[in-house]
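A.B. asks: To start, I am sharing the structure in question, which I have written as structure tokens.
2 protein chains.
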Amino acid sequence: MAIPRAAKTQRRTRIQEEKEEVILEAALDVFSVHGFRGSTIDQIAEVAGMSKPNLLYYFRTKEAMHRALIDRVLFTWLEPLRAFDANGNPESEIRSYIRRKLEMARDFPRESRLFANEMLQGAPHVEDELRGPLKSLVDEKAEVIRAWAKAGKIAKCDPYHLIFSIWSTTQHYADFDVQVRAVLGQEHSGDGRFEDAARYLEKLFVDGLGMRRP
Amino acid sequence: MAIPRAAKTQRRTRIQEEKEEVILEAALDVFSVHGFRGSTIDQIAEVAGMSKPNLLYYFRTKEAMHRALIDRVLFTWLEPLRAFDANGNPESEIRSYIRRKLEMARDFPRESRLFANEMLQGAPHVEDELRGPLKSLVDEKAEVIRAWAKAGKIAKCDPYHLIFSIWSTTQHYADFDVQVRAVLGQEHSGDGRFEDAARYLEKLFVDGLGMRRP
DNA sequence: GGATAATTTGACCGATTGGTAAACATTACA
DNA sequence: TGTAATGTTTACCAATCGGTCAAATTATCC
Numbered sequence: 104m105a106i107p108r109a110a111k112t113q114r115r116t117r118i119q120e121e122k123e124e125v126i127l128e129a130a131l132d133v134f135s136v137h138g139f140r141g142s143t144i145d146q147i148a149e150v151a152g153m154s155k156p157n158l159l160y161y162f163r164t165k166e167a168m169h170r171a172l173i174d175r176v177l178f179t180w181l182e183p184l185r186a187f188d189a190n191g192n193p194e195s196e197i198r199s200y201i202r203r204k205l206e207m208a209r210d211f212p213r214e215s216r217l218f219a220n221e222m223l224q225g226a227p228h229v230e231d232e233l234r235g236p237l238k239s240l241v242d243e244k245a246e247v248i249r250a251w252a253k254a255g256k257i258a259k260c261d262p263y264h265l266i267f268s269i270w271s272t273t274q275h276y277a278d279f280d281v282q283v284r285a286v287l288g289q290e291h292s293g294d295g296r297f298e299d300a301a302r303y304l305e306k307l308f309v310d311g312l313g314m315r316r317p
Numbered sequence: 104m105a106i107p108r109a110a111k112t113q114r115r116t117r118i119q120e121e122k123e124e125v126i127l128e129a130a131l132d133v134f135s136v137h138g139f140r141g142s143t144i145d146q147i148a149e150v151a152g153m154s155k156p157n158l159l160y161y162f163r164t165k166e167a168m169h170r171a172l173i174d175r176v177l178f179t180w181l182e183p184l185r186a187f188d189a190n191g192n193p194e195s196e197i198r199s200y201i202r203r204k205l206e207m208a209r210d211f212p213r214e215s216r217l218f219a220n221e222m223l224q225g226a227p228h229v230e231d232e233l234r235g236p237l238k239s240l241v242d243e244k245a246e247v248i249r250a251w252a253k254a255g256k257i258a259k260c261d262p263y264h265l266i267f268s269i270w271s272t273t274q275h276y277a278d279f280d281v282q283v284r285a286v287l288g289q290e291h292s293g294d295g296r297f298e299d300a301a302r303y304l305e306k307l308f309v310d311g312l313g314m315r316r317p
């Protein structure tokens, strides 16, 4: 008797772990490009190289697949912000945050697009996470930045909009990759644009925080 | 005999103009949220308040509707960049460009999201426009910025990444509106966040271009 | 090796998809 | 006002959608 998701034995089989991995990988491919509504189980099944009913054996619904994907990605996505250190040097913290975010845009563009799609649609599946854990984390880091400004370590600025602008500029290189490539032309077809962006953005934000002034 | 899109007489009827307007308005509502694949003709028809076959009388296919929408929006969307004046004062040009882009994010968020959706999907419908007209316009304005830098009016910087960063930061307030609202909390439920963003971004970029240094 | 549980698949279902045909209603214009 | 063109709707189509079911196959463990 087939009981999906191993309801009988609480432990997950080796096959389960492997197949769920394959499915989520395929789902990331599809969802990140077409969004939730625009993606079909058949598409994902084809990318995953298995039959549709087989997919539905591991994830009972399309929503369950999307949910699992979002949950997994959400945590690792906030990793760089979490690593933002209150005790560190402001300039190097800002620099390394930008660098890390750009590396993620370069190495995990699908994850970035998955979130972008979700945001564009009004975050119907993750609004709670935004208002809860995300807001808390941002509030905490905003307080750090505010404290730096109060201590005279950096110029005064709105910490929330600072964070927004770092998010948007870095993720832009993942989400709008086609546009960036089209505008830059084929001479930047390698990963050079990420290094150029890193140089430009680090300078922009460091100067913007007045950390380079005497 | 019904011939779609007035094939016989070349002129467009009053009714045609009105209905096509209504349809494109509804299509913008739907496409901007769900993307091309995720949107259905029935959805658009319901928003437009007419029957599905009636929609298809004016636009023969879903693609034709999307195409017409993109074409119309594309032109007005680049308006602010076109207005960027080589003979103007660098600081005020940058400032007003940022302000204009933020106003568009505030007043035309659907148009912004429509493009964002298209970019996320790899620009399957507009890649030619990106490589052609868009790239030309950006190349032209980039040259202006480079000339300013050479003349010592602003600090040296990569003009392409400067433009990218202005695009991304401003459009962020349209495309990621849910996230911005969630993080800022409900006390910023009005349009105040746009004014805060304008203040922050103008300062960031003006400082970044060294225009405030002695 | 055999029993038992876990996995996989083909056939199928009702709902929804983009789109059509033709009848019906309305408008514009002589 | 008559009539031809334009506009609208009902009924429908084949394809695809998310998802189910039972049967077949494979892995696991004693």
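Sequence lines, in order, name chains A and B. In the working numbering, each residue carries its 1-based index in the first sequence increased by 103. In the working numbering, each residue carries its 1-based index in the second sequence increased by 103. Just so you know, even glycine gets a beta-carbon here, dropped at the ideal spot from N, CA and C.
When DSSP labels each residue in this structure, what does residue 153/A get in the three-state scheme?
C.D. replies: It is coil, neither helix nor strand.
A.B. asks: Which class does residue 268/B belong to by DSSP, given the choice of helix, strand or coil?
C.D. replies: Residue state, collapsed to three classes: helix.
A.B. asks: To the nearest angstrom, report how far apart residue 257/A and residue 127/B are at their CA atoms.
C.D. replies: Looking at the two C-alpha atoms, the distance is approximately 48 Å.
A.B. asks: Any C-beta of chain B sitting closer than 8 Å to the C-beta of residue 275/A?
C.D. replies: Yes, residue 275/A lies at the interface with chain B (some Cβ there is under 8 Å from its Cβ).
A.B. asks: Between the C-alpha atoms of residue 311/B and residue 203/B, what's the straight-line distance to the nearest angstrom?
C.D. replies: Near 19 Å, if we compare the C-alpha coordinates of residue 203/B and residue 311/B.
A.B. asks: Could you please give the first and the last residue of the uninterrupted alpha helix (DSSP H) stretch that includes residue 256/B?
C.D. replies: Where residue 256/B is concerned, there is no enclosing alpha helix (DSSP H), given that its DSSP letter is neither H nor E.
A.B. asks: Determine the contact status of residue 125/A and residue 146/A, defining contact as a CB-CB distance below 8 Å.
C.D. replies: Cβ atoms of residue 125/A and residue 146/A: not closer than 8 Å.
A.B. asks: Compare the C-alpha of residue 170/B against each of 231/B, 268/B, 281/B, 292/B and name the closest.
C.D. replies: Answer by Cα proximity: 231/B.
A.B. asks: Would you say the stretch 184 to 194 of chain B touches the stretch 178 to 197 of chain A, given that touching needs at least three Cβ pairs under 8 Å?
C.D. replies: Output reads no: the stretch 178 to 197 of chain A does not touch the stretch 184 to 194 of chain B.
A.B. asks: Name the chain B residues whose beta carbon is nearer than 8 Å to that of residue 234/A?
C.D. replies: Residues of chain B passing the Cβ test: 285.
A.B. asks: Rounding to the nearest angstrom, what Cα-Cα distance links residue 265/A and residue 173/A in this structure?
C.D. replies: If I take the Cα positions, the gap works out to 25 Å.
A.B. asks: Skipping 5 residues on each side, what residues in its chain have a beta carbon closer than 8 Å to that of residue 175/B?
C.D. replies: The residues are 127.
A.B. asks: Compare the C-beta of residue 292/A against all C-beta atoms of chain B and say whether one is closer than 8 Å.
C.D. replies: No, residue 292/A does not count as interfacial toward chain B.
A.B. asks: Can you find at least 3 beta carbon pairs, one from the stretch 265 to 281 of chain A and one from the stretch 295 to 306 of chain A, that sit closer than 8 Å?
C.D. replies: Contact holds: three or more Cβ-Cβ distances are below 8 Å.
A.B. asks: Look up residue 111/B in the DSSP assignment and say whether it is helix, strand or coil.
C.D. replies: Legend: pLDDT at residue 111/B = 41, less than 50; position of this residue unreliable, value from coordinates given subsequently. Residue 111/B falls in the coil class under three-state DSSP.
A.B. asks: Within its chain, find whatever has a CB closer than 6 Å to the CB of residue 151/A; leave out the 5 residues flanking it on each side and keep chain order.
C.D. replies: The residues are 125, 126, 129.
A.B. asks: Rounded to a whole number of angstroms, what is the C-alpha to C-alpha distance between residue 309/A and residue 224/A?
C.D. replies: Each residue's Cα considered, the two are about 33 Å apart.
A.B. asks: Quick one: list the residues of chain B neighbouring residue 132/A, beta-carbon separation under 9 Å, in chain order.
C.D. replies: Under the 9 Å cutoff, chain B gives no residues; its nearest Cβ is about 12 Å from residue 132/A.
A.B. asks: Just the Cα atoms here: how many angstroms apart are residue 296/B and residue 283/B?
C.D. replies: Taking the straight line joining both Cα atoms gives about 9 Å.
A.B. asks: Express the C-alpha separation of residue 288/B and residue 158/B in angstroms, rounding to a whole number.
C.D. replies: The straight-line gap from Cα to Cα measures roughly 40 Å.
A.B. asks: Are there 16 or more other CB atoms within 10 angstroms of the CB of residue 253/A, so buried, or fewer, so exposed?
C.D. replies: The residue is exposed, with fewer than 16 neighbouring Cβ atoms inside 10 Å.
A.B. asks: Are three or more beta carbon pairs between the stretch 135 to 145 of chain A and the stretch 204 to 220 of chain A nearer than 8 Å?
C.D. replies: Short answer: they touch.
A.B. asks: By the 10 Å Cβ neighbour count, where 16 or more other Cβ atoms means buried, how is residue 209/B classified, buried or exposed?
C.D. replies: The residue in question, residue 209/B, is buried, as its Cβ has 16 or more Cβ neighbours within 10 Å.
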